[in-house]
Amino acid sequence: MKRNQVGPLWVFLSALLLSTGGLFIKMSPWNGFSINGARCFIALFVVGAYLLLTKHRLKLNRWVLLGSFFVGGTCLLYSLANTLTTAANAIVLQFTAPIFVIVLSMIFWKKKPKKMELISCAVVIVGVVFFFVDGIGAGNMLGNLLALCAGLTYAGVFLLNDLPDADPISSVFFGNVICALVGIPSVMGETDFGAQALLSVVLLGVFQVGLAYVIMCIGLKNTPPLTASLITGIEPILNPILVAIFFREAIGPLAMVGAVIVIGTVLAYNVLSARAAASVK
């Protein structure tokens, strides 16, 4: 498999891991700050192990710090949003990221999106709206607003590789450091340290944050930001499905239509992109 095909595959695998976030957060009895602080503290060991195995030296400059803000902001905002609104609302509003990628790329890198990219973004957003149209008003307004802000910071995650003098994995590491420092004091105030509470943050830290972001960084090396953000269209579908299965939240017929639209659009976009790249060669 060619490098430009492997990159999107890594991003897709990362999206699968990220999609478990809603389920594991709903499992936890802790508040959003505590959940995020604990999972990011655990994620540091996963990211640290990767750095040691690859002998990758940490880098620190203003662009790495900006990337750390994107990573840390996304983790914290999404965690808080999930505790204040429904899992469906949190992920659909965070998935405004592709739109923010286009806007930020135009402002800072003067990149004009291609027609196919604009169409794909529009169709994906329509699909996501279909998926959650029955429940978008059910959540807490503050939670919805935080999730929307997470969409902006999540867009920054996809742009990590495009920042000048950037080092995505260093941004991930320091982003988790920031979140751990902010959240650990809140953990000290929790009273429920039962098996379910501890298991949920371990699963979140190891898989949904640590491993997911390591894999994301690997994939971003050979995947354009907008392409990566579109590939993760699988996340807003799987996330509430997992919550529905384990917490018995109903999924209506419009949701299934949305699932077909999002998954079909993402697959079509990547097939057409691969064909276009092959024709150029």
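Per numbering that gives the first Met the number 0, the very first residue in the sequence shown carries number 0; after that it's consecutive.
Glycine included, C-beta positions come from ideal geometry on N, C-alpha and C.
Buried versus exposed call for residue i [16 or more other C-beta atoms within 10 Å across all chains shown]
i: residue 53; result: exposed
i: residue 156; result: buried
i: residue 79; result: buried
i: residue 265; result: buried
i: residue 94; result: buried
i: residue 239; result: buried
i: residue 7; result: buried
i: residue 70; result: buried
i: residue 172; result: buried
Separation of residue j from residue i, as counted between CA atoms
i: residue 186; j: residue 21; result: 19 Å
i: residue 260; j: residue 123; result: 7 Å
i: residue 56; j: residue 166; result: 10 Å
i: residue 274; j: residue 268; result: 10 Å
i: residue 32; j: residue 82; result: 10 Å
i: residue 215; j: residue 203; result: 16 Å
i: residue 121; j: residue 102; result: 14 Å
i: residue 13; j: residue 188; result: 32 Å
i: residue 161; j: residue 128; result: 29 Å
Nearest neighbour of residue i, chosen from the options [CA to CA]
i: residue 179; options: 44, 80, 92 and 28; result: 44
i: residue 107; options: 12, 58, 158 and 266; result: 158
i: residue 228; options: 255, 151 and 170; result: 151
i: residue 99; options: 172, 197, 182 and 149; result: 149
i: residue 246; options: 173, 263 and 87; result: 87
i: residue 89; options: 271, 26, 244 and 142; result: 142
i: residue 144; options: 91, 191, 105 and 102; result: 91
i: residue 9; options: 172, 230, 203 and 120; result: 230
i: residue 85; options: 256, 17, 243 and 72; result: 243
(message) Could you check whether the segment 37-46 touches the segment 207-216, counting it as contact only if at least three pairs of C-beta atoms, one from each stretch, sit closer than 8 Å?
(response) Yes, since at least three Cβ pairs between the segment 37-46 and the segment 207-216 fall closer than 8 Å, the two stretches touch.
(request) With a floor of 4 residues, list each alpha helix (DSSP H) that falls wholly inside the segment 130-192, ordered by position along the chain. (result) If only uninterrupted alpha helix (DSSP H) runs of at least 4 residues are considered, those enclosed by the segment 130-192 are 140-157 and 167-186.
(message) Report the start-end ranges of each alpha helix (DSSP H) in the segment 7-91 that is 4 residues or longer and not cut off at the edges.
(response) Whole alpha helix (DSSP H) segments, 4+ residues: 20-26, 31-53 and 61-83.
(request) Examine the Cβ distances between the segment 191-200 and the segment 214-227 and report whether three or more of them are shorter than 8 Å. (result) Contact fails: fewer than three Cβ-Cβ distances are below 8 Å.
(message) List, from N- to C-terminal side, the alpha helix (DSSP H) runs of 4 residues or more that fit wholly inside the segment 203-259.
(response) The qualifying runs are 211-219, 224-230 and 234-246.
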